[in-house]
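Engineer:
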Amino acid sequence: MTVTPEIITDRLILKPLRSEDAGQIQRVFPRWEIVRYLVASVPWPYPEGAAQHYVDNVALAASKEGTGWFWTLRRKEDAQTLIGVICLMKLPDNNRGFWLVPEWQGQGYMSEACEAVTEFWFESLDQPVLRAPKAVANTRSKNISSRSGMRLVGVDKRQYVAGELDSELWEITRDEWRKWKNASV
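Counted the way my numbering counts, the sequence shown spans residues 9 to 193.
Spelled out as structure tokens, the structure:
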């Protein structure tokens, strides 16, 4: 079983998720701009205590089972403040998920985090392919996938917090990712 490591990027510290992070998540997460394109299993309106339940019973449970790796995103300039979460999961057609506080969106932080955890997925976990579903309307997430070498491989409808939406499945293989990474250096 591979433990979730701390990952340092140019501007971020990706710290393994801990039970103590739930309080910060509970404060910053319950915003429509964050939750609307997440899976429908996320309760909305987001009740008190939901973050603690998710961290302890979903995320950390998957980490212990070796089927999930979860990080908080923190800027190096303010390492005490959580600005988002990113995860990798061994689920069919759903290997990476993330959210970022709206005030920090559009500055490349999530692209930076995605590149770091994708490297972990392929190089440390030795996975052959990474797939990520997303709502068609979630253009920022689609742009991250497109810019990082992923390609669209399927369309369907899925249930999100915002309801049933058109959805896309994006994919990149380990070999494609390595070529993309070498080309982007």
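For glycine and all other residues, C-beta sits at the position ideal for the given N, C-alpha and C. Bear in mind that the values here come from a model prediction, so they are computed numbers and not experimental data.
Hey, is the stretch 76-84 in contact with the stretch 9-20, meaning 3+ C-beta pairs nearer than 8 Å?
Structural biologist: Touching, yes.
Engineer: As a quick exercise: from ASN102, GLY105, GLU111, GLU73, pick the residue whose alpha carbon is nearest that of LEU90.
Structural biologist: Looking at the Cα atoms, GLU111 is the closest of the given residues.
Engineer: Please say whether PHE130 and GLY185 have beta carbons closer to each other than 7 Å?
Structural biologist: Just to set this straight, residue 185 is Trp in the shown sequence, not Gly. In contact: TRP185 and PHE130 (Cβ atoms closer than 7 Å).
Engineer: On a Cα-Cα basis, can you pick out the residue from TYR168, TRP178, ALA143 that is closest to TRP52?
Structural biologist: When only C-alpha atoms are compared, the closest one is TYR168.
Engineer: Just mark ARG39 as buried or exposed, buried being the case when its beta carbon has 16 or more other beta carbons within 10 Å.
Structural biologist: When all chains shown are included, ARG39 counts as exposed.
Engineer: Run the CB neighbour count on ALA191, radius 10 Å, all protein chains shown included, and call it buried at 16 or more, exposed below.
Structural biologist: With fewer than 16 Cβ atoms within 10 Å of its Cβ, ALA191 is classed as exposed.
Engineer: Reducing DSSP to helix, strand and coil, say where MET97 ends up.
Structural biologist: Note: MET97 maps to strand in three-state DSSP.
Engineer: Once the 5 residues before and after SER119 are set aside, which same chain residues still bring their CB inside 6 Å of it?
Structural biologist: Correct list, in chain order: ILE152.
Engineer: Round the Cβ separation of ASP101 and PRO136 to the nearest angstrom and send it over; I've been treating them as touching at under 8 Å.
Structural biologist: Rounded, the Cβ-Cβ distance is 14 Å, inconsistent with contact.
Engineer: By alpha-carbon positions, which one of ASP18, ARG26, TYR45 ends up nearest to ALA145?
Structural biologist: Ranking ASP18, ARG26, TYR45 by Cα distance to ALA145 puts TYR45 first.
Engineer: Would you check if the distance between the CB atom of GLY158 and the CB atom of GLY74 is smaller than 7 Å?
Structural biologist: Residue identity differs from the one stated: residue 158 is Met in this sequence, not Gly. No; because the gap between Cβ atoms is not below 7 Å, this pair is not in contact.
Engineer: Tell me, please, which residues DSSP counts as bridged to ILE180.
Structural biologist: DSSP output for ILE180 lists LEU138 as bridge partner(s).
Engineer: Straight-line CA distance for ARG148 to GLY31?
Structural biologist: Roughly 26 Å separates the two Cα atoms.
Engineer: On the premise that SER175 lies in contact with VAL163, defined as a C-beta separation below 8 Å, what is that separation, rounded to the nearest angstrom?
Structural biologist: Contact flag correct, Cβ pair sits at about 7 Å.
Engineer: Counting C-beta neighbours from all protein chains within 10 Å, is the total for ASP86 16 or more, i.e. buried, or is it exposed?
Structural biologist: Flag for ASP86 reads exposed.
Engineer: What is the DSSP secondary structure of GLN88, reduced to helix, strand or coil?
Structural biologist: The answer is coil: DSSP assigns GLN88 none of H, G, I, E or B.
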